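Q: First residue of the sequence shown: 1, per UniProt numbering; consecutive thereafter.
The beta-carbon is built from N, C-alpha and C at its ideal position, and this holds for glycine as well.
All values reported here derive from a predicted model rather than from experimental measurement.
Okay, here's the structure, questions in a sec.
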Amino acid sequence: MSFLKYLLLPPQINILLILAGILLWRRFPTLSGLAIVLSTLSLLVLALPWTSYWLRQSLEPPQPPSQEELAKAQAIVILGGGRDVSAPEFDWGDAPNNATWRRLVYGAKLYRDTGLPILVTGGADQQYERPEAELMANALEQVFNIPVKWRESESRTTAENATYSAKILDRADIGTIALVSQAWHLPRAIPEFTQVGLKVIPAPTEFASPPPSGIAGWVPRAYYLRSSSISLHEWLGRGYYRLRHRMDENTRTG
1 MSFLKYLLLP PQINILLILA GILLWRRFPT LSGLAIVLST LSLLVLALPW
51 TSYWLRQSLE PPQPPSQEEL AKAQAIVILG GGRDVSAPEF DWGDAPNNAT
101 WRRLVYGAKL YRDTGLPILV TGGADQQYER PEAELMANAL EQVFNIPVKW
151 RESESRTTAE NATYSAKILD RADIGTIALV SQAWHLPRAI PEFTQVGLKV
201 IPAPTEFASP PPSGIAGWVP RAYYLRSSSI SLHEWLGRGY YRLRHRMDEN
251 TRTG
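Have a look at this one:
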């Protein structure tokens, strides 16, 4: 399923359509030519800084929480965002990837501001020995000297993050959390946590940065293509979760 999901995203989908156009050129020259042109043009458009910026902004919630909002939280929940395998600069083996580090940095700041206990959530696929939650806890404790109260290490999706974290927090009689993730990811994560009975105060980080000024904002670059692909992946994820929730509701009412 994961492999098929990534085939639907650029640049993989563009490359597949271009290859299909080349292979079918003799039989369907008009259709093949259209597929090649549109795939190439869309690849260039998605690599533009302004396209990347617009796609990222379309996903983002409002600004970070105020001190008044944070005062209502009982705990800080930091979502795992992936790992770097065999990171040589640390003695942990694997280490949090850049997206997760950004969440950890902001979670550390919130802890300094509030003193609230921290839950880190993230499991591991079968090919990994150590769950993300353990790597995140190592980072917070060894790099930032910040204690981690709870480690949720079974989840592999955002929905499972919410389900398993809620069970841990329920035992601690905690119902309101500050939820930390990228600004573009939180709008999908929040409904998962509210659905399991938690009240969520959004704590977004890594907002979209404005593109370069002048002509540089219209020059395609691989960095912005990757950013656009991440945004499209997030929209795809939101669509999947909405469909799943609708099917669950129909099952319950049916």
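Looking only at C-alpha atoms, which of T121, G115, I230 sits nearest to N138?
A: The residue labelled residue 138 in the question sits at position 138 within the sequence shown. Of the candidates T121, G115, I230, the one whose C-alpha sits nearest the C-alpha of N138 is T121.
Q: Taking only beta-carbon positions, decide if G93 is within less than 8 angstroms of chain C.
A: Chain labels in this structure do not include chain C; a single protein chain is all it has.
Q: Are the stretch 63-71 and the stretch 163-171 touching, with three or more C-beta to C-beta distances below 8 angstroms?
A: Short answer: they don't touch.
Q: Excluding sequence positions up to five away, which residues of its chain have a Cβ less than 7 angstroms from the Cβ of M1?
A: Taking the first residue of the sequence shown as position 1, residue 1 is located at position 1. In this prediction, M1 scores a pLDDT of 49, lower than 50, which makes its location untrustworthy; the coordinate-derived value is nonetheless stated afterwards. So the list is empty, once near-sequence residues are dropped.
Q: Going by alpha carbons, who is nearest to G80 out of T158, E68, L43?
A: Along the sequence shown, read from residue 1 onward, the residue named residue 80 stands at position 80. Among T158, E68, L43, the Cα nearest to that of G80 belongs to T158.
Q: Going by C-alpha to C-alpha distance, which of S52, F144, G21 sits closest to A35?
A: Here residue 35 refers to the residue found at position 35 of the sequence shown. The residue with the shortest Cα to Cα distance from A35 is G21.
Q: Quick one: what's D84 bridged to in DSSP?
A: Mapped onto the sequence shown, residue 84 falls at position 84. In the DSSP output, where bridge partners are listed per residue, D84 has A95.
Q: Which residues mark the beginning and the end of the alpha helix (DSSP H) in which L169 is found?
A: Indexing the sequence shown from 1 puts residue 169 at position 169. Here the alpha helix (DSSP H) through L169 covers 158-171.
Q: Quick check on DSSP: helix, strand or coil for Q182?
A: As a first step, residue 182 is located in the sequence shown; it is residue number 182 there, counting from the start. If DSSP states are grouped into helix, strand and coil, Q182 belongs with the strands.
Q: Quick check on the DSSP output: the beta strand (DSSP E) that includes E152 runs from which residue to which?
A: The residue given as residue 152 occupies position 152 in the sequence shown. Note, E152: beta strand (DSSP E), 150-152.
Q: Alpha carbon to alpha carbon, what distance is there between I18 and A208?
A: In the sequence shown, counting from the first residue as 1, residue 208 sits at position 208. In the sequence shown, counting from the first residue as 1, residue 18 sits at position 18. For A208 and I18, the distance between alpha carbons rounds to 30 angstroms.
Q: Give me, in chain order, the residues of the same chain whose beta-carbon lies closer than 6 angstroms to that of S39; leave out the 5 immediate sequence neighbours on both sides.
A: Translated into positions along the sequence shown, residue 39 becomes position 39. Only N14, L17, I18 meet the Cβ criterion.
Q: Between the Cα of residue 283 and those of K149, H245, P220, spot the shortest distance and give me the residue it belongs to.
A: The shown model of the chain, from 1 to 254, leaves out residue 283, and the question about it has no answer.
Q: Quick one: what's V120 bridged to in DSSP?
A: Residue 120 sits at position 120 when you count from the first residue of the sequence shown. According to DSSP, which records beta bridges pairwise, V120 is partnered with I78, R151.
Q: Which two residues bound the contiguous beta strand (DSSP E) that contains V45?
A: Indexing the sequence shown from 1 puts residue 45 at position 45. No beta strand (DSSP E) contains V45, which is instead part of the alpha helix (DSSP H) from 29-46.
Q: DSSP state of A139, grouped into three classes?
A: Position 139 of the sequence shown, counted from the start, is the residue given in the question as residue 139. Of the three classes helix, strand and coil, the one that applies to A139 here is helix, per DSSP.
Q: Note the first and the last residue of the continuous beta strand (DSSP E) segment covering A203.
A: For this step, residue 203 is matched to residue 203 along the sequence shown. 199-205 is the span of the beta strand (DSSP E), which, as asked, contains A203.
Q: Please confirm if the stretch 172-187 is in contact with the stretch 209-216, defined as three or more CB-CB distances below 8 angstroms between the two stretches.
A: These segments do not touch.
Q: In this structure, does DSSP put I146 in helix, strand or coil?
A: Start at 1 with the first residue of the sequence shown, and residue 146 comes out as number 146. The answer is coil: DSSP assigns I146 none of H, G, I, E or B.
Q: Is the stretch 68-86 touching the stretch 102-120, taking contact as three or more C-beta pairs under 8 angstroms?
A: Contact holds: three or more Cβ-Cβ distances are below 8 angstroms.
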